[in-house]
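Only one structure is covered here, and it is reproduced in the block below.
Residue numbers (the working numbering): 294 to 514.
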């Protein structure tokens, strides 16, 4: 099962949602992977920045990478959860996204990929080939317009509900024609857990409950 989380713009919470989904799957299956195409997952998961090679180097190696190359660059992030770090430079324009998507899909474990802005580079290729492509979206007019213009259609939306926004669920689903996979209410406890480096050990219960619908739908896909 390959789940890709992406957004049409920065600042929507894609990395935090990706980390939480990976943690939920690790608890449920005992063996899950969080793949980082933005460089921010180690920070959100509260683990030290990996010092070795990562997905940037895997992509750069091209056809010379050994069959077990992805497994070699994994680092432990939480019980049952392995992290595939990014490590070097920006993913924008990097080749090899199709090969990465195929390698991840063939892994056999539950994998969640933080694709960031999937408007090019490997993130786009992974999101296009994922079992479940989740658009992480705030009910923001700018984000909605960018999502409409995106070259990729998601299979579901993780909607971050914020107080005092004028756009609502119906506005989002009518505009994009895509179902809501999960509603996540804006919750300061999530920000506190991330800021303290404790998301992996203290995933807020309301946050976990909200995202479980997306996990169930992905497993059924």
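Glycine included, C-beta positions come from ideal geometry on N, C-alpha and C.
Ordered along the chain, which non-local residues of its own chain (more than five positions away) have a Cβ less than 7 Å from that of residue i?
i           : result
residue 507 : 314, 427, 449, 451, 474 and 475
residue 324 : 373 and 402
residue 440 : 301, 428, 430 and 469
Residue i and residue j look like a contact to me (Cβ under 8 Å); what is the Cβ gap, rounded to whole Å?
i           : j           : result
residue 397 : residue 334 : Between residue 334 and residue 397 the Cβ distance is about 14 Å, and since that is not below 8 Å, they are no contact.
residue 423 : residue 295 : 5 Å
residue 410 : residue 303 : 6 Å
residue 436 : residue 412 : Not confirmed; about 13 Å, so no contact.
I need the boundaries of the alpha helix (DSSP H) containing residue i, first residue and last residue.
i           : result
residue 449 : Note, residue 449: premise wrong, no alpha helix (DSSP H); beta strand (DSSP E) at 449-454.
residue 363 : 362-365
residue 464 : 462-469
residue 395 : 390-398
Excluding sequence positions up to five away, which residues of its chain have a Cβ less than 8 Å from the Cβ of residue i?
i           : result
residue 503 : 475, 476, 477 and 478
Starting from residue i, follow the beta strand (DSSP E) in both directions and report where the run begins and ends.
i           : result
residue 474 : 473-478
residue 299 : 295-300
residue 329 : 325-329
residue 416 : It is not in any beta strand (DSSP E) - residue 416 instead sits in the alpha helix (DSSP H) that spans 414-422.
residue 405 : 403-410
If we call anything under 9 Å between Cβ atoms a contact, is residue i one with residue j?
i           : j           : result
residue 405 : residue 318 : yes
residue 487 : residue 430 : no
residue 328 : residue 471 : no
residue 326 : residue 492 : no
- [ ] Determine, using beta-carbon pairs with one atom in the segment 336-347 and one in the segment 356-370, whether at least three such pairs fall under 8 Å.
- [x] yes
Open item on the list: Using 8 Å as the cut-off, can you tell me whether the segment 451-468 makes contact with the segment 319-336, which would need three or more C-beta pairs spanning the two stretches below that distance?
Closed with: no
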